[in-house]
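Peer 1:
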Amino acid sequence: MKDFRDRIAVVTGAASGIGRALAGRFAAEGMKVVLADVEEAALARASREMAGAGAEVDAVVTDVSSEASVEALAERTYSRYGAVHIVCNNAGVASHPAPCWSQSAGDWSWVLGVNLCGVIHGVRAFVPRMIEGGHEGHVVNTASVAGLTTSPFLGPYHVSKHAVVALSECLQMELQTAGARLRASVLCPAWVKTRIVDAGRNRPGGASAPPLSGAVETQIRALVDAGLDPGVIAERVLEAIRGEQFWILTHPDFNAAISQRASSIVEGRNPEVMTRLG
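The opening residue of the sequence shown carries number 1 in my numbering; numbering runs sequentially from there.
1. For Pro-189 and His-251, what's the separation of their Cα atoms in angstroms?
2. Starting from Asp-37, trace the alpha helix (DSSP H) in both directions and tell me its first and last residue.
3. Helix, strand or coil for Leu-148, going by three-state DSSP, please let me know.
4. If we ignore side chains and look at the alpha-carbon of each, how far apart do Ala-15 and Ala-55 end up?
5. Compare the Cα-Cα distances from Asp-3 to each of Gly-82, Glu-244, Asp-58 and report the closest residue.
6. Can the beta-carbon of Ile-196 be found closer than 9 Å to that of Gly-17?
7. So which of Gly-133, Val-123, Met-130 has the shortest CA-CA distance to Asp-70?
8. If Met-1 sits next to Ile-241, beta carbons under 8 Å apart, how far is it from one beta carbon to the other, in whole angstroms?
9. Among Gly-200, Trp-110, Gln-172, which has the Cα closest to the Cα of Pro-156?
10. Just reading off the beta strand (DSSP E) that Thr-3 is part of, what are its end residues?
11. With DSSP as the reference, label Asp-107 as helix, strand or coil.
12. Can you give me the C-alpha to C-alpha distance between Arg-269 and His-162, rounded to a whole angstrom?
13. Following the continuous beta strand (DSSP E) through Cys-188, name the residue where it begins and the one where it ends.
14. Does at least one heavy atom of the ligand PLP sit under 8 Å from the Cβ of Ala-41?
15. I believe Leu-127 touches Val-139 by the beta-carbon criterion, under 8 Å. Please report the beta-carbon distance rounded to the nearest angstrom.
16. Would DSSP call Asp-229 helix, strand or coil?
17. Could you say which of Arg-80, Gly-134, Leu-43 lies nearest to Ala-180 if we only look at CA atoms?
18. Going by C-alpha distance, which of Val-266, Ala-9, Ala-166 is nearest Ala-59?
19. Three-state secondary structure (DSSP) at Gly-54?
20. Reducing DSSP to helix, strand and coil, say where Val-164 ends up.
21. Is the separation between the beta-carbon of Val-145 and that of Val-164 shorter than 9 Å?
22. Thinking just about the alpha-carbon of each residue, which of Ala-178, Arg-25, Arg-45, Asp-107 is nearest to the one in Glu-132?
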């Protein structure tokens with residue numbers, strides 16, 4: 001895609017962080033933007049801010065872990081606009097750090113429900129409609145560098161993001177095979193200045209399990225606080241859509257870790273514990 005003006009973009013997790021930055025960047029290109037998020041008050045605030053700046057927006061409270069909720073989002077969008085050109089399946093959460101066996105069934109269900117099933121629901125709800133519409137378009141699935149590497153104590157998050165990477169690769173190949181005018185990208189950032197560490201605020205039924213240790217929690221918070229501004233990520237996403245680039249890697253300093261993992265697989269070496277998180 002090269003022409004964005006008056007096109008329609010749908011962004012999940014749009015009330016804050018990367019999603020909010022993506023929505024703002026698309027609006028700056030003259031797009032009409034549908035903002036979807038489960039956090040109602042923050043969503044309303046983002047909608048007011050963007051509308052006040054002159055953007056045409058529609059805010060839809062959406063729980064991406066629910067197939068029915070995402071389907072309702074698609075139906076509302078197509079009913080209002082008749083087309084969708086960009087879909088960013090971006091909503092994501094993380095549980096507190098703990099060993100895989102200590103993460104509760106609720107932790108696993110919540111993280112996989114939002115991070116993985118949310119992307120699956122987005123693909124299933126929008127891609128068939130986009131193909132049928134015949135317009136050029138793009139699907140951006142937010143994974144993470146955690147989908148290309150592994151580390152201890154973040155099992156549900158890594159599992160969900162590895163699955164999103166695989167889903168996105170399959171989607172890209174299937175779109176090509178179908179001769180569709182759509183392309184796909186997978187966004188794999190590392191540390192970004194968002195509120196993901198406090199994602200438990202939106203967890204149904206209350207907060208996640210207690211953190212593994214204050215030291216791990218403190219380290220993760222410090223890395224997030226020192227992370228890239230979401231606006232930088234949004235700019236990279238726009239460049240990738242323009243260039244039909246599948247892989248969106250925003251943190252070159254993690255390329256060595258990605259390469260190390262790939263080579264260890266080919267060489268049959270056992271996984272090694274990372275001594276630091278970033």
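Even for Gly, the Cβ is constructed at its ideal location relative to N, Cα and C. Since this is a predicted model, take the numbers as computed values, not measurements.
Peer 2: From the atom records:
1. Roughly 6 Å separates the two Cα atoms.
2. Note, Asp-37: premise wrong, no alpha helix (DSSP H); beta strand (DSSP E) at 32 to 37.
3. In the displayed model, Leu-148 falls within coil according to three-state DSSP, outside both helix and strand.
4. C-alpha separation (whole angstroms): 15 Å.
5. Out of Gly-82, Glu-244, Asp-58, Glu-244 has the C-alpha closest to the C-alpha of Asp-3.
6. Closer than 9 Å, so yes.
7. Here residue 70 turns out to be Val, not Asp, going by the sequence shown. Closest by alpha carbon: Val-123.
8. For Met-1 against Ile-241, the beta-carbon gap comes to about 5 Å, under 8 Å, which counts as contact.
9. If we check each option's Cα against that of Pro-156, Trp-110 comes out closest.
10. The residue asked about is misnamed: residue 3 is Asp in this sequence, not Thr. Premise fails: Asp-3 is in no beta strand (DSSP E) and is neither H nor E.
11. In the structure shown, Asp-107 falls within a helical segment according to DSSP collapsed to helix, strand and coil.
12. So the alpha carbons of these two residues sit roughly 19 Å apart.
13. Start and end: 182 to 188.
14. In the structure shown, the ligand PLP is absent, as is every other ligand, since no ligand is present at all.
15. First, the amino acid is wrong: residue 127 is Val here, not Leu. Sure, about 7 Å apart at Cβ, within 8 Å.
16. Residue state, collapsed to three classes: coil.
17. Each of Arg-80, Gly-134, Leu-43 was checked against the Cα of Ala-180, and the nearest Cα belongs to Gly-134.
18. Nearest C-alpha to Ala-59: Ala-9.
19. Looking at Gly-54 - three-state DSSP - the assignment turns out to be coil, as it is neither helix nor strand.
20. Helix, per DSSP.
21. Val-164 is positioned such that its CB atom lies no closer than 9 Å to that of Val-145.
22. That would be Ala-178, whose Cα lies nearest to the Cα of Glu-132.
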